[in-house]
Amino acid sequence: YKRETMNAILIDQKNASSIGDGISADVIKTTPAKTTSDVLKKVSGASIQDNKFAIIRGLNDRYNAAFINGAPLPSSEADRKAFSFDIFPSNLIDNMVITKTATPDMPGEFAGGIIQISTKDIPDKNFYTLSLGSSVHSLTTFQPWMKSQGGKYDFLGLDDGTRAIPSAFPGSDQFSSLPRRQRQAYSSLFKNTFGPIEVASAAPNTNFQFTMGQKTKLFGKDFGSIFALTYNNSYRRTPALRQDFAGDDKVFEFNDEQYSRNVLWGALWNLSYKLNNNNKISFRNMFNVNTEDQVTVREGQDIAASGLDRKAYAIFYNQNLLYTGQLIGEHLFEKAKNLKVKWVLGYSDITRDIPDFRRLRYNRVPSANNENPYIAFLTTNASPNDAGRFYSNLDESVYSGSVDFSLPLDIKGKKSTLKFGYYYQSRVRDFNVRVLGNVINSTTYFNPDLLRLGIGDIFNPTNFMDSTGFSIAESTNKSDSYDASSSLNSGYAMLDMKLTVRLR
């Protein structure tokens, strides 16, 4: 039956032996939800933290599990067991169910709930849909905008290498062992990308979706295909006043302006082949890109630090790429007392790349007419917080396989079901970090006038040429990066039996 309808969700809830809730595609269409995290907000008992992480029954992400078409999703975070649900476009979902109580046929690694996402299956008939949309935001659209210096594929949420460490730049160990003059020579390889670009106005938000469904015959059997392509490009300017107090005394007061551009697009291609009424094979694929390009400008007064005026910049780029695929078989053996068998082979891979996260702050001694200049804060030691360049890359792959057998039984007139099965999962993760920082090359010969230059000029390559200028230093630790793997084998058996009309 049509699992994209709310009636299907309600029937599943009614018949299930566990407690859960869900939402279907026909309900999602009536909402402005753009991502899966937006959809989760509309499910009873679930909430979203940081607009991406699921909180179920008050328990945070590490106590929940996420699956797509019966296969586990990888963790999108470097230091926690969590999946960022803002990666999925909402219009690629057929239905989403959150199971909140445990039964033996479910993975046992959850205390809050299991989030089960299903993507679209064989269509009833051929169709084509095209959707174009746009929106405006009163604080953002047609207002002055700031963006980072990027590459030619930024509109796709893909960095073309502009933000990468120069290819000729040495590795961490080699660079740290070089003499000062050689380190300074390599420092000039970096492009002058610290300064954000000012744009006259932000464009309206745009979105696009194309979906195509085909149902035909292949070797005389039913064959279905669904292809979907979705794209969202949104801008959001967020002003904020930040204050802190120690008792009645104010510690600081800052005005932040955050400019964030989010590019979210995905492609889905699902194939299903119905051998006969009792056997079906499906191959489901989905690829998603979710990228955030963020510039934050802060101005205010750090009262605790002798009342200095402060101006600070943070330029952040976060690129997420996710592929997930499942090969699924569903079989009914009528001669074996209507034994049902379902097997799933799954593979998922997520890559999270944060290239060249840059931060720089300026301080100024207050004066009556503000005639004192802002001075950039740099020392002879590299720090990711002060003129730092931070690079990280996370890659996690998940391989999984499961088979479930379901046998209907009649025990003394009571309809029952015997279920048993096996599940295997393997996770492999690789996380790498590189931390660099711009530093003063020499306290003796350094030209202090360089610290008065604005963020767009201060780290020009010409300022890295001699001892009077800057150089790049390494502050990467061996413990910053790691490799990890885990494997899981599990089995179960269960009997679902209705003892009376009111007792199951």
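In terms of this note's numbering, the sequence shown opens at residue 19 and continues consecutively. Using N, Cα and C, we set each Cβ at its ideal position, and we do this for glycine too. Bear in mind that the values here come from a model prediction, so they are computed numbers and not experimental data.
CA nearest to the CA of alanine 285, picked from Glu271, Arg302, Lys99: Arg302
C-beta atoms of serine 420 and valine 451 nearer than 9 angstroms: no
Residues near asparagine 18 by beta carbon distance below 6 angstroms, same chain, minus five either side: Residue 18 lies beyond the range of the chain shown here (19 to 522); nothing can be said about it.
Reference alanine 220; option with closest CA among Tyr253, Gly169, Leu110, Gly238: Tyr253
DSSP state of aspartate 404 mapped onto helix, strand, coil: coil
Anticipated Cβ contact below 8 angstroms, lysine 432 with lysine 516, distance rounded: 6 angstroms
Buried or exposed by the 16-neighbour rule on C-beta atoms within 10 Å, applied to leucine 91: The Cβ neighbour count for leucine 91, taken over all protein chains shown within 10 Å, is at least 16; the residue is labelled buried.
CA-to-CA distance, leucine 289 to glutamate 348, given in whole angstroms: C-alpha separation (whole angstroms): 14 angstroms.
Cutoff 8 angstroms; reference serine 185; Cβ partners in own chain excluding five residues on either side: Sequence-distant partners of serine 185 (beyond 5 residues in either direction) whose C-beta falls short of 8 angstroms from its own C-beta are missing from its chain.
Collapsed DSSP secondary structure at lysine 59 in the structure displayed: coil
Simplified DSSP assignment, three categories, for arginine 316: strand
Asparagine 403 vs arginine 377 beta-carbon contact at 9 angstroms: yes
Exposed unless 16 or more other CB atoms sit within 10 angstroms - verdict on phenylalanine 103: buried
Member of Ile132, Phe375, Asn273 whose CA lies at the smallest distance from the CA of leucine 454: Phe375
First and last residue of the uninterrupted beta strand (DSSP E) at isoleucine 321: From DSSP, isoleucine 321 is part of no beta strand (DSSP E); its letter is neither H nor E.
Reference leucine 282, options Lys138, Asp97, Asp311, closest by Cα: Asp311
Buried versus exposed call for alanine 330 [16 or more other C-beta atoms within 10 Å across all chains shown]: buried
Sufficient close CB pairs (3 or more, under 8 angstroms) joining the segment 492-505 to the segment 461-481: no
Own chain partners of valine 45 with C-beta closer than 6 angstroms, once the 5 adjacent residues on each side are dropped: Met24
Residue nearest to serine 460 in terms of C-alpha spacing, selected from Phe488, Phe228, Gly439: Phe488
Segment contact flag, the segment 240-252 with the segment 122-134, C-beta cutoff 8 angstroms, min 3 pairs: no
Same chain, Cβ closer than 7 angstroms to asparagine 481, neighbours up to 5 away in sequence not counted: Leu468, Gly487, Phe488
Cβ pair count under 8 angstroms reaching 3, the segment 105-123 against the segment 54-61: The segment 105-123 vs the segment 54-61: in contact.
Cβ pair tyrosine 249, threonine 229 closer than 9 angstroms: no
Contact set for glutamate 275: own chain, Cβ-Cβ below 6 angstroms, skip 5 residues either direction: Answer for glutamate 275: Pro257, Val315, listed in chain order.
Endpoints, alpha helix (DSSP H) assigned at aspartate 191: 190-194
As assigned by DSSP and simplified to three states, the class of proline 466: DSSP places proline 466 in the helix class (H, G or I) of the three-state scheme.
Cβ pair phenylalanine 226, leucine 150 closer than 9 angstroms: yes
Buried or exposed by the 16-neighbour rule on C-beta atoms within 10 Å, applied to leucine 391: Note that residue 391 is proline in the sequence shown here, rather than leucine. Under this definition proline 391 is an exposed residue.
Short Cβ contact (9 angstroms threshold) for phenylalanine 438 with alanine 502: no
Lysine 526 versus leucine 28 - alpha carbon distance: Residue 526 lies beyond the range of the chain shown here (19 to 522); nothing can be said about it.
Residue from Glu216, Arg199, Ala386, Gln232 with nearest C-alpha to glycine 168: Glu216
3 or more residues per run - each beta strand (DSSP E) lying fully within the segment 408-469: Segments of the beta strand (DSSP E) lying fully in the segment 408-469: 432-458.
Close Cβ partners of aspartate 367 (< 6 angstroms) along its chain, the five nearest in sequence each way excluded: Tyr341, Ser415
Nearest-angstrom beta carbon gap, tyrosine 442 and tyrosine 365 [assumed within contact, 8 angstroms]: Incorrect: roughly 13 angstroms between the Cβ atoms, too far for contact.
Beta-carbon proximity of isoleucine 346 to serine 278, cut-off 9 angstroms: no
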